[in-house]
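Everything on this sheet refers to the single structure shown next.
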Amino acid sequence: MAASYHHSTFSRLLRVQVRDFQLIFKDNYSVQFVRNAHTQTIMQPRFGLLFDIDGVIVRGRRVLPFARDAFSKLVDDQGKFRVPTVFVTNAGNVMRHQKAQQLSYWLGVEVSEDQVVMSHSPLRMFKQFHNKHVLVSGQGPTVDIAKGLGFTKITSMDTLRNSFPLLDAVDHKRRTGVPCAFEKYYPRIEAVVMFGEPIRWETSLQLIIDVLMASGLPCEAPRTIPYPHIPLLACNVDLQWMAEACMPRFGHGAFLVCLENLYKKITGKELIYTALIGKPSEVTYRYAEYIVAALAKSQGINHRIQRLYAIGDNPDTDIYGANLYNRFLTRRLESQKKSAKMVKMKNVAGAAVNKVDMILSSDLGVDSAEGADSCESILVQTGVYNKDAGLETCNHSARDFLPVEEKLREASYTSENVHEAIDVIFEREDFH
């Protein structure tokens, strides 16, 4: 059920004189700095924006109608963002600065790489894996992406295939009858990191399962299948995504479904993910919240950002993830209140809250007490979601997020497009 917001005619205004400005607080919502001369109004928001890209701003490489006009509302006369704005995408096939350049071109506003959160961005915090020998899967500059995240010992899928040429046998044209003489000297792979859907699924599926079943060294068949297998980290669990085609296309989530079922069929055991990164993971939203807070400070906003609005087109990732994070924020706020009353007690906060906060707090200096209170979800109808398709009840969530409470797939608001979504937010926040 879509939420609604009503302006109270009994709003209490607290006015504080600040030199030639009046500082106005409206119901704990947008803070306004108004010149006494009434010549100009400068508004400082108490909210931040999280935008999905595919299906919200573009479909493939085609910019959606109203996108440019929508984002023109978010910048001032100098083209600077008035509201802390972060682009949170499950794409993982390019570097952050490349995606920022794309967005700047598409939207006609300057977007910095600091405003971009890719599906793999939170892996910067997984430092326990940065010095391990990792196999990376995906497409695009996977090795460069891994290096940028802090990984130091990296093997690409092509490098592994060339080092163990007998393993890739599906495509007869690529088969070779000559093994590599250095196979037994190859350094053991200690973890697998999957950034996104690869080009040749059969090659990646085969080699990843080989590595998992052989404890990282697929030159000898194991006598027993090691379990649990070596760490497996996956970014982007989108089953589908919206490009130029009239129907959604396979995403990395589809590849993961294949990997999970093949591994279970072959070994009789469940595939274990050490971490699932990207939407709808709370870790990704926590990282995005940190970026919003940092952007707010860089924009001269000194007060806390209290509310986040997440705009997306996919109920199973964008909406579910935002609602899941809203639940996390609610529990975090409750735990903070309990902690204030029970300072001497230990383990007041829930394990889920602590786990997410600990990942970021240790590396980024994030103080959860300065975080947001809520995260509202807004579903746009220009991408994966189609109200006329009759598929609203289909649940495409990733295996490890099941079962999903149906209400967590329901958006706080539904809008025709991103332009209308921004109008809804501005009206709710009394921001102009």
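Residues in the sequence shown are numbered from 1 upward in steps of one, following full-length UniProt numbering. We put the CB at the ideal spot given by N, CA and C, even for glycine. Small disclaimer: the values here were computed from a predicted structure and weren't measured.
- By a beta-carbon distance limit of 8 angstroms, R59 contacts M242. Their separation comes to about 6 angstroms.
- According to the DSSP secondary-structure assignment, V193 is paired through a beta bridge with V136 and L233.
- The C-alpha of L262 lies about 26 angstroms from the C-alpha of M247.
- The straight-line gap separating the alpha-carbon atoms of K407 and F328 is approximately 15 angstroms.
- R68 and R96 have their C-alpha atoms spaced approximately 21 angstroms apart.
- Between S119 and C235, the beta carbon gap of about 4 angstroms places them in contact (Cβ cut-off 8 angstroms).
- Leaving aside the five residues that flank E270 on each side, the residues in its chain whose CB is nearer than 7 angstroms to its CB run, in chain order, K264.
- As computed with DSSP, S415 is found in a beta bridge with V380.
- Rounded to whole angstroms, the Cβ separation of V117 and D313 is 17 angstroms, and the two are not in contact under 8 angstroms.
- A straight-line Cα-Cα distance of about 16 angstroms links I272 and S281.
- The beta carbon of T152 sits closer than 7 angstroms to the beta carbons of H130 and N131 from its chain, once the five residues preceding and following it are set aside; these are given in chain order.
- Here V424 is buried: its Cβ has 16 or more other Cβ atoms, across all protein chains shown, within 10 Å.
- In this structure, S121 keeps its C-beta atom at 8 angstroms or more from the C-beta atom of T142.
- A Cβ-Cβ separation of about 5 angstroms places Q44 in contact with I301 under the 8 angstroms criterion.
- Inclusion of I319 and A411 in the CB contact set at 8 angstroms is warranted, their separation being smaller than that value.
- In this structure I422 does not touch K80 by the C-beta definition: roughly 17 angstroms separates them, more than the 8 angstroms allowed.
- L324 and E289 have their C-alpha atoms spaced approximately 14 angstroms apart.
- Between R249 and V257, the alpha-carbon positions lie close to 15 angstroms from each other.
- In this structure, F51 sits away from N417, with a CB-CB distance that is not shorter than 8 angstroms.
- Of T89, P84 and Q78, the smallest CA-CA separation from G278 is found for T89.
- Per the C-alpha coordinates, the member of T203, Y385 and Y413 positioned closest to H172 is T203.
- Pairing G92 with I154, the inter-Cα distance amounts to about 17 angstroms.
- Between S215 and P226 the beta-carbon gap is near 5 angstroms, inside 8 angstroms, which marks them as a contact.
- Pairing F87 with Q115 gives a Cβ-Cβ distance under 8 angstroms.
- Secondary structure note for K153: it is in no alpha helix (DSSP H), and the uninterrupted beta strand (DSSP E) holding it is K153 to S156.
- Annotated three-state conformation of G48 is strand, per DSSP.
- For V86, the enclosing beta strand (DSSP E) starts and ends at T85 to V88.
- Residue environment analysis places C394 among the exposed positions, since fewer than 16 neighbouring C-beta atoms fall within 10 angstroms of its C-beta.
- The three-state reading of DSSP puts V94 in coil, since its state is none of H, G, I, E or B.
- For the 8 angstroms CB-CB criterion, G196 and G138 form a contact.
- Taking 8 angstroms as the cut-off, the beta carbon of D238 is found no closer than this to the beta carbon of T330.
- In this structure, DSSP gives L276 an extended state, which the three-state scheme calls strand.
- D423 sits in a helix when the DSSP states are folded into three classes.
- Around the beta carbon of A100, 16 or more other beta carbons sit within 10 angstroms, so the residue counts as buried.
- Apart from sequence neighbours up to five positions away, the residues of its chain that approach M194 with a beta-carbon distance below 6 angstroms are S137 and A234, ordered along the chain.
- In this structure V192 is in contact with I230, their Cβ atoms being roughly 7 angstroms apart against a cut-off of 8 angstroms.
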